[in-house]
DNA sequence: ACTTCACATAAGTAAACGCTTATCTATTTG
DNA sequence: CAAATAGATAAGCGTTTACTTATGTGAAGT
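Residue numbers (this note's numbering), protein chains in the order written: chain A, 26 to 129; chain B, 26 to 129.
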């Protein structure tokens with residue numbers, strides 16, 4: 026779980042799609058494949074990459090493996106991004122989105 | 026300048042090092058090479074990738090080309106990350122860093 | 001004008017990547 | 001126990017990546 030692992034994992038569009046799907050709710054690998062035109066081994070390999078990057082974590086349930094978003098990977102990106110906070114546009118949508126509902 | 030371009034650009038450690046160096050102040054390609062054990066063409070190619078991802082922008086100055094951080098690429102990452110805000114750890118350093126000095 | 005300097009580009013190469021087909025492990029069910 | 005199901009792993013293959021050396025381009029200095 027390094028920055029390189031995380032950015033590499035997210036550099037693939039298919040993997041981002043998988044991650045996005047998981048963000049809307051935990052599910053197993055077969056459920057993830059629904060409507061995705063991707064082979065079973067390919068999905069398994071993508072999940073391994075995401076898992077290795079701590080973007081996703083698994084929880085075995087009998088012969089199923091349930092996958093869900095792992096906050097650890099996201100936290101590392103947030104930390105990386107925070108280093109360059111001073112460069113973010115001052116008043117753009119991205120910043121608004123980030124700040125919405127945040128009251129520390 | 027797509028999400029794929031940006032994540033791919035940041036997936037390389039050398040490129041992240043270059044970006045980090047630029048974040049501490051604009052400079053030209055030769056200055057960037059100082060203490061980095063990287064050939065001139067390699068640097069030029071890395072800068073092209075970063076430029077294509079809108080993580081960096083150039084400004085010609087005679088026979089020098091000054092490079093600086095481009096906020097556009099960072100904004101896109103911030104936007105991507107914002108989509109998964111609900112997954113960020115509730116009380117970790119990353120979040121504190123993000124919120125520090127932010128008073129919307 | 002000619003050389004030097006800053007940088008970009010071209011072509012080639014070894015390694016990594018994302019996929020495929022085939023096979024393996026592990027759990028459940030008849 | 002045997003067949004079926006969920007998923008992981010292995011091996012092979014074409015494409016991409018990050019580097020190399022060599023050359024090109026354009027501005028500056030003499």
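By construction, the Cβ of each residue, glycine as well, lies at the ideal position given by its N, Cα and C atoms. If you're wondering where the values come from, they're calculated on a predicted model, not measured in any experiment.
Minimum Cβ-Cβ distance from residue i to chain A less than 8 Å
i                      : result
residue 112 of chain B : yes
residue 76 of chain B  : no
residue 33 of chain B  : yes
residue 84 of chain B  : no
residue 62 of chain B  : no
Below-8 Å beta-carbon distance, residue i vs any chain B residue
i                     : result
residue 58 of chain A : no
residue 89 of chain A : no
residue 36 of chain A : yes
residue 72 of chain A : no
Assigned secondary structure, residue i (DSSP; H/G/I helix, E/B strand, else coil)
i                     : result
residue 97 of chain B : helix
residue 1 of chain A  : Here chain A has residues from 26 to 129 only, and residue 1 of chain A is not among them.
residue 56 of chain A : helix
Range covered by the beta strand (DSSP E) that runs through residue i
i                     : result
residue 83 of chain A : 81 to 86
Opening and closing residue of the alpha helix (DSSP H) in which residue i lies
i                     : result
residue 68 of chain A : 65 to 77
residue 62 of chain A : It is not in any alpha helix (DSSP H) - residue 62 of chain A carries neither H nor E in the DSSP assignment.
residue 48 of chain A : 38 to 48
residue 29 of chain B : 28 to 35
Residue i classed as buried or exposed, judged by whether at least 16 other C-beta atoms fall within 10 angstroms
i                      : result
residue 87 of chain A  : exposed
residue 78 of chain B  : buried
residue 60 of chain A  : exposed
residue 96 of chain A  : buried
residue 40 of chain B  : buried
residue 108 of chain A : exposed
residue 89 of chain A  : exposed
residue 67 of chain B  : exposed
residue 98 of chain B  : buried
Near the ligand MG: residue i beta-carbon under 7 Å from a heavy atom
i                     : result
residue 84 of chain B : No copy of the ligand MG appears in this structure; indeed no ligand is present at all.
Any C-beta of chain A within less than 7 Å: which residues of the segment 91 to 102 of chain B qualify?
Those residues of the segment 91 to 102 of chain B that come within reach of chain A (Cβ to Cβ, closer than 7 Å) are 94, 96, 99, 100, 102.
Return the residues of the segment 38 to 58 of chain B that lie within a Cβ-Cβ distance of less than 9 Å from chain A, sorted by chain order.
So the list reads 38, 41, 44, 45, 48, given in the order they occur along the chain.
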